[in-house]
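Q:
There are 2 protein chains.
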Amino acid sequence: MSPDAEQRAAAPPFEPLGGESVYHGRFIEVRVERFRHADGEEVTREIVRHRGAVGIVAHDGQVLWLVRQPREAVGEFDLLEIPAGRLDVDGEQPLAAAQRELAEEIGRGARTWEPILDYYSSVGFSDERVHLFHATDLYEQHADSGENERIELVRWPLEKLQDAIASCRDAKTLIGLMWLARRLNG
Amino acid sequence: MSPDAEQRAAAPPFEPLGGESVYHGRFIEVRVERFRHADGEEVTREIVRHRGAVGIVAHDGQVLWLVRQPREAVGEFDLLEIPAGRLDVDGEQPLAAAQRELAEEIGRGARTWEPILDYYSSVGFSDERVHLFHATDLYEQHADSGENERIELVRWPLEKLQDAIASCRDAKTLIGLMWLARRLNG
């Protein structure tokens with residue numbers, strides 16, 4: 656460990672001073688928090704707390720399983736996305752959530768699950784963390800989310816993966832599909 | 656245009672019914688909005704409105720310019736990130752914001768700017784859109800943001816780009832650097 660890395664590990668450069676919840680909703684909580692930096696300066700941050708999410712890059716070697724669904728937050732309804740969902744069940748681990756979402760959204764199970772990576776969606780204002788998985792050896796398996804998510808299945812030819820990347824505007828999908836392109840070429 | 660695409664273009668499948676602002680802060684507004692879908696069902700969505708952001712993949716062919724800074728929202732301070740910032744100046748276009756941020760964060764201008772792509776950070780709950788740019792032909796140019804952002808410059812060897820991707824956990828940086836790896840290999 657370099658001296659620089661040691662110092663980092665030893666002394667986080669800011670200390671939480673507390674704050675208040677300004678909105679507590681169904682899926683998000685918004686907090687205004689204060690922090691004191693090592694140099695003494697105090698700063699205020701607006702933070703959207705989110706329980707996290709999973710996204711699944713699922714394919715059978717021929718077909719890449721994508722979805723489209725209404726996304727009211729951005730006024731879009733034809734974004735190409737990988738299957739995904741919130742970590743909204745108490746105590747549910749990311750892999751179990753990914754398995755549940757795959758069955759709910761595209762009616763598939765997978766015999767092989769591989770963690771791809773975890774990332775933060777937008778570190779400036781939200782703590783949302785997304786766990787991406789690679790699901791292969793697919794088989795039919797259905798589950799009901801109990802909610803009408805209006806999901807349209809898109810069976811995308813895996814050989815046209817580059818076209819999917821080129822037309823994609825969704826963070827989790829871009830990251831998952833560019834990862835897959837690297838994997839398939841590597 | 657396929658009949659499917661025509662129908663999509665012609666009839667967005669949900670109609671905004673209005674809503675209320677539940678938090679109006681400095682950088683975000685949180686709204687609870689209602690929408691009616693084509694099938695008549697009405698749904699409620701919590702939406703974090705954000706003015707958008709820019710991120711810059713900047714290199715001179717040898718050195719890739721990255722940064723680290725305290726990210727209070729996620730409790731991290733050593734995330735590897737591309738230079739980035741909010742679209743927080745009225746009327747400022749994304750390219751102008753990217754040029755301003757590059758000078759503020761890493762003290763560089765660039766003679767060549769290329770738009771990479773735009774993406775949504777987290778379509779389930781936020782309208783934040785991030786505009787990524789590729790900046791090359793760099794030269795020294797400083798600007799003062801008027802704020803202590805505690806930014807540590809990281810001069811990353813471009814030949815070790817794969818290592819940067821492997822250790823990255825930030826969405827804009829993953830997307831920008833995986834795009835760059837494809838560009839350099841293509």
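Respectively, the protein sequence lines represent chains A and B.
Note that the working numbering has the first sequence beginning at 656, numbered continuously upward.
Note that the working numbering has the second sequence beginning at 656, numbered continuously upward.
C-beta atoms are modelled at their ideal positions from N, C-alpha and C, and glycine is treated no differently.
1. For A758 of chain A, collect the residues of the same chain with a Cβ closer than 7 Å to its Cβ; drop the 5 residues on either side in sequence, then sort them by chain order.
2. If you measure from the beta carbon of V744 of chain B to each beta carbon in chain A, is any gap under 8 Å?
3. Cβ of E697 of chain B within 8 Å of Cβ of F690 of chain B?
4. Taking Cβ positions only, does Y678 of chain A come closer than 8 Å to chain B?
5. I'd like to know whether the C-beta atoms of A751 of chain A and G779 of chain B end up nearer to each other than 8 Å.
6. Just checking: is the beta-carbon of H786 of chain B within a distance shorter than 8 Å of some beta-carbon in chain A?
7. Sort B:A826, B:V687 and B:V785 by Cα distance to D743 of chain B and report the nearest one.
8. At the 8 Å Cβ level, is Y794 of chain A part of the contact set with chain B, yes or no?
9. Which one or two residues does DSSP pair with S822 of chain B in a beta bridge?
10. Select from the region 823-835 of chain A all residues with a C-beta closer than 7 Å to any C-beta belonging to chain B, and list them in chain order.
11. Can you pull the chain A residues whose beta carbon is under 7 Å from the beta carbon of D782 of chain B, in chain order?
12. Contact between the region 829-839 of chain A and the region 707-715 of chain A is defined here as three or more beta-carbon pairs at a separation below 8 Å; is this criterion met?
13. So, E701 of chain A versus R681 of chain B, is the Cβ gap smaller than 8 Å?
14. Which residues in the same chain as R706 of chain B place their Cβ atom closer than 7 Å to its Cβ, once the five residues preceding and following it in sequence are excluded?
15. To the nearest angstrom, how far is the alpha carbon of D745 of chain A from that of V718 of chain B?
16. Can you tell me the Cα-Cα spacing of E747 of chain A and T791 of chain B, whole angstroms?
17. Where does P749 of chain A fall in DSSP's three states?
18. Below 8 Å between beta carbons: does that hold for K827 of chain A and A693 of chain A?
19. Are any of the Cβ atoms in chain A nearer than 8 Å to that of P668 of chain B?
20. Taking the beta carbon of Y775 of chain B as the centre, do at least 16 other beta carbons fall within 10 Å, making it buried, or is it exposed?
21. Rounded to a whole number of angstroms, what is the C-alpha to C-alpha distance between E670 of chain B and Q724 of chain A?
22. How is the beta strand (DSSP E) around P738 of chain A delimited, first residue to last?
23. Would DSSP call G831 of chain B helix, strand or coil?
24. D773 of chain B versus chain A: which residues are under 7 Å apart at the beta carbon?
25. Return the residues of the region 705-729 of chain A that lie within a Cβ-Cβ distance of less than 8 Å from chain B, sorted by chain order.
26. Quick one: is E688 of chain A near chain B, going by C-beta distance under 8 Å?
27. Could you tell me which chain A residues have their CB closer than 9 Å to the CB of H692 of chain B, listed as they occur along the chain?
28. What does L734 of chain A reach in chain B if we use C-beta pairs closer than 7 Å?
29. Does E701 of chain B have its Cβ less than 8 Å from a Cβ in chain A?
30. If contacts are defined as beta-carbon pairs under 8 Å, then D782 of chain B and R838 of chain B qualify, I think. What distance do you get, rounded to the angstrom?
31. Say whether chain A places a C-beta atom closer than 8 Å to the C-beta of R681 of chain B.
A: The answer reads as follows:
1. G764, Q796, H797 and A798
2. no
3. yes
4. yes
5. no
6. no
7. When each option's Cα is compared against that of D743 of chain B, the closest is B:V785.
8. no
9. Answer is none; S822 of chain B lacks a bridge partner.
10. R824, D825, A826, L829, I830 and M833
11. A728 and V729
12. yes
13. The answer is yes: Cβ separation under 8 Å.
14. R741, L742 and D743
15. 45 Å
16. 45 Å
17. Residue state, collapsed to three classes: helix.
18. no
19. yes
20. buried
21. 14 Å
22. Careful: P738 of chain A lies outside any beta strand (DSSP E) and carries neither H nor E.
23. helix
24. R824
25. H705, A708, P725, R726, E727, A728 and V729
26. For E688 of chain A, at least one C-beta of chain B is nearer than 8 Å to its own C-beta.
27. Here the neighbours are P725, N803 and R805.
28. V778
29. E701 of chain B counts as touching chain A.
30. Contact between D782 of chain B and R838 of chain B is absent: CB atoms are separated by about 28 Å, not below the 8 Å threshold.
31. yes
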